[in-house]
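Asker: Going by full-length UniProt numbering, the first residue of the sequence shown is number 1, and it counts up by one from there. Heads up, the beta-carbon is just placed ideally off N, CA and C, and yes, glycines get one too. So that we are looking at the same thing, I have put the structure below in structure tokens.
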Amino acid sequence: MKNIVILISGGGSNMAAIVRASRQRGWAERLGARVAAVISNRADAGGLSFAREQGLATAVVDHKPFPSREAFEAELVKAIDAHQPALVVLAGFMRILTPGFVAHYEGRLLNIHPSLLPAFPGLHTHRRAIEAGCRVAGATVHQVTAELDHGPILDQIAVPILPDDTEESLAARVLTQEHLVYPRAVESFFHQGA
Ligand code: GAR
1 MKNIVILISG GGSNMAAIVR ASRQRGWAER LGARVAAVIS NRADAGGLSF
51 AREQGLATAV VDHKPFPSRE AFEAELVKAI DAHQPALVVL AGFMRILTPG
101 FVAHYEGRLL NIHPSLLPAF PGLHTHRRAI EAGCRVAGAT VHQVTAELDH
151 GPILDQIAVP ILPDDTEESL AARVLTQEHL VYPRAVESFF HQGA
């Protein structure tokens, strides 16, 4: 059985969607994979309690005490690699990763970004899409490469932007669709023969 490790920083609703999908009957057998652990850089990440309730291994590697990104990541890599993952899933993990970290997990590191990449990499995607007058927004699951929010696209989902949308209403509409596209992308990752 191949292990999936999910990294979160907050509410973890995408992580929960992937865990729920992975617990559907036949999923693990079909894909030969299971979610093994959830790791957060914040002890107060809401998603950790869901993960614990699900009986998953959890760990916290707080970035704050470390003098550098590299030192933090060295500890994070230890926590991740304890599970020998075939796939590492970034699910609202709000730390910028160094090229060294990305290279370590090359080809087995996925991220979800709340825009239709290559439009709107970076932060405040929904506000920027509304301000730009876009009629559609969405989310993208992509392989992580050294350049932030770039890398081969695995799957995307589009969502209409409505005339009276605010940043918050659009974010909420996109998030519900993220919960569909991320489990689907994880499945396709293993179908492609990880
Ligand atoms: C999601 O909207 C995800 O796309 C976004 O953070 C949210 C996490 O929600 N990720 C990024 O902005 C990454 N740059 P969740 O914790 O409920 O899954």
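Using DSSP bridges, identify the partner residues of Ala37.
Answerer: DSSP, once it has assigned bridges, lists Val5, Ala57 as partnering Ala37.
Asker: Do you know how far the Cα of Phe72 is from the Cα of Phe189?
Answerer: Each residue's Cα considered, the two are about 28 Å apart.
Asker: So Val144 is in the alpha helix (DSSP H); what residue range does that whole segment cover?
Answerer: Where Val144 is concerned, there is no enclosing alpha helix (DSSP H), given that its DSSP letter is neither H nor E.
Asker: Mind checking whether Asp81 and Pro121 have CB atoms under 8 Å apart?
Answerer: Contact: no.
Asker: Counting only the same chain and skipping the five closest in sequence on each side, list residues whose C-beta sits under 6 Å from that of Ala51.
Answerer: For Ala51, where only same-chain residues beyond five positions count, the Cβ hits under 6 Å are Val38, Thr58.
Asker: Among the residues of its own chain, which have a CB less than 7 Å from the CB of Gln84, if the five just before and after it don't count?
Answerer: Hits under 7 Å: Asn3.
Asker: My output table needs one value for Pro160: the three-state DSSP class, helix, strand or coil.
Answerer: In the structure shown, Pro160 sits in a strand (DSSP, three-state: E or B).
Asker: Under 7 Å from any heavy atom of ligand 1, does the C-beta of His124 make it?
Answerer: No, since every heavy atom of ligand 1 falls outside the 7 Å radius drawn around the Cβ of His124.
Asker: Quick one: residues in its chain with C-beta nearer than 7 Å to the C-beta of Ala79, no 5 flanking neighbours on either side, listed in chain order?
Answerer: Excluding sequence neighbours, Ala79 sits near Ile39, Ala59, Val61.
Asker: Could you tell me the distance, in whole angstroms, from the CA atom of Val102 to the CA atom of Glu75?
Answerer: Cα to Cα, the separation comes out at about 15 Å.
Asker: For Ser22, which residues of its own chain have a beta-carbon under 7 Å away from its beta-carbon, when the five flanking residues on both sides are left out?
Answerer: So the qualifying residues of the chain are Ala28, Arg34, Val35.
Asker: Does the region 118-136 come close enough to the region 154-166 to have 3 or more Cβ pairs within less than 8 Å?
Answerer: Verdict: yes, contact present.
Asker: Using C-beta distances below 8 Å, list every residue in its chain close to Leu116, excluding the 5 sequence neighbours before and after it, in chain order.
Answerer: Once the five neighbours on either side are set aside, the close Cβ partners of Leu116 are Val136, Ala137, Gly138, Ala139, Thr140, Gln156, Ala158.
Asker: Would you list the residues sitting across from Asn111 in a DSSP beta bridge?
Answerer: DSSP lists Leu90, His142 as partners of Asn111.
Asker: Based on Cα-Cα distance, which residue from Glu147, Ala119, Gly46 lies nearest to Glu106?
Answerer: Among Glu147, Ala119, Gly46, the Cα nearest to that of Glu106 is on Glu147.
Asker: Shortest alpha-carbon distance to Pro114 belongs to which of Thr145, Val144, Glu131, Glu178?
Answerer: Of the candidates Thr145, Val144, Glu131, Glu178, the one whose C-alpha sits nearest the C-alpha of Pro114 is Glu178.
Asker: Which residue from Ile161, Met94, Val144, Leu110 puts its Cα closest to that of Ala132?
Answerer: When only C-alpha atoms are compared, the closest one is Ile161.
Asker: Helix, strand or coil for Asp149 per DSSP?
Answerer: It is coil, neither helix nor strand.
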